[in-house]
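S.K.: Okay, handing you the structure first.
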Amino acid sequence: QVQLKESGGGLVQPGGSLRLSCLVSGGIFSAMAWYRQTPGNERELVASITSNSRTYYADSVKGRFTISRDNAKNTVDLQMNSLKLEDTAVYYCAGRWAGQFDFNKWGQGAQVTVSS
Numbered sequence: 001q002v003q004l005k006e007s008g009g010g011l012v013q014p015g016g017s018l019r020l021s022c023l024v025s026g027g028i029f030s031a032m033a034w035y036r037q038t039p040g041n042e043r044e045l046v047a048s049i050t051s052n053s054r055t056y057y058a059d060s061v062k063g064r065f066t067i068s069r070d071n072a073k074n075t076v077d078l079q080m081n082s083l084k085l086e087d088t089a090v091y092y093c094a095g096r097w098a099g100q101f102d103f104n105k106w107g108q109g110a111q112v113t114v115s116s
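Letter 53 of the sequence shown, counting from 1, is numbered 53 in this note's numbering, and no numbers are missing.
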C-alpha cells in the first residue's frame, strides 16, 4: 500500500524560509505535487513535478518556491522562501500514477504558519 508522509512544517516569520519533504513508500508516481488548503477553502495546487522533472508553479508562489524530486530516494521537496502571511496553510503531498489525470494519493498534511 502506497504511503506519503510529509515533514518539515512549522512556524516561521514573514520573509523566512521552510523546506517541506515528502517520503513515498510502496510505489513510484509518475508525477508528484504539493497542494495547500486553508479553512473554508478548497485545496489548491502549489507546484508539481513530473518524473522527468518538468515543473509547474502557481502564480502566487513563482520565484519563491521550488519543487524538487529525488527519484532514487522517492522523495519530493518544496523549498519555500520569502514566505508571506498568506502562505499559511496545511500543505499536502500528492501523487499521480502514470496514465491518470488527477492526483489522487495524499499525505496527511503538514501545517505551515507564517506569523510575526
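Even for Gly, the Cβ is constructed at its ideal location relative to N, Cα and C. Note that the coordinates shown come from a computational prediction; the quantities given were computed from them, not determined experimentally.
Residue 21: buried (16+ other C-beta within 10 angstroms of its C-beta) or exposed?
M.R.: The residue in question, residue 21, is buried, as its Cβ has 16 or more Cβ neighbours within 10 Å.
S.K.: By Cβ distance, which residues of its chain are closer than 6 Å to residue 90, with the 5 residues on each side in sequence left out?
M.R.: If we look at residue 90 and ignore the five residues flanking it on each side, its Cβ neighbours are 37, 109, 111.
S.K.: Could you tell me whether the Cβ atoms of residue 83 and residue 114 are closer together than 7 Å?
M.R.: Yes, these two residues count as a Cβ contact at 7 Å.
S.K.: Among 60, 39, 35, 42, which one has its Cα closest to the Cα of residue 49?
M.R.: Looking at the Cα atoms, 35 is the closest of the given residues.
S.K.: So which of 43, 99, 92, 52 has the shortest CA-CA distance to residue 3?
M.R.: The residue with the shortest Cα to Cα distance from residue 3 is 92.
S.K.: Quick check for students: name the residue ranges of the beta strand (DSSP E) that lie wholly in the stretch 47 to 108, counting only runs of 3 or more.
M.R.: Counting whole runs of 3 or more residues, the stretch 47 to 108 contains the beta strand (DSSP E) stretches 55 to 57, 65 to 70, 75 to 80, 89 to 96.
S.K.: With distances taken from CA atoms, which of 75, 85, 102, 105 is nearest residue 7?
M.R.: The residue with the shortest Cα to Cα distance from residue 7 is 75.
S.K.: Can you have a look at residue 72 and say buried or exposed, based on whether 16 or more other CB atoms are within 10 angstroms of its CB?
M.R.: Exposed is the call here.
S.K.: Could you give the distance in angstroms between the alpha-carbon of residue 105 and the alpha-carbon of residue 26?
M.R.: Between residue 105 and residue 26, the C-alpha separation is close to 12 Å.
S.K.: Tell me which same chain residues have a C-beta within less than 8 Å of the C-beta of residue 31, skipping the five on either side of it?
M.R.: These residues qualify, in order along the chain: 48, 49, 50, 51, 95, 96, 103.
S.K.: For residue 10, which residues does DSSP report across the bridge?
M.R.: 112.
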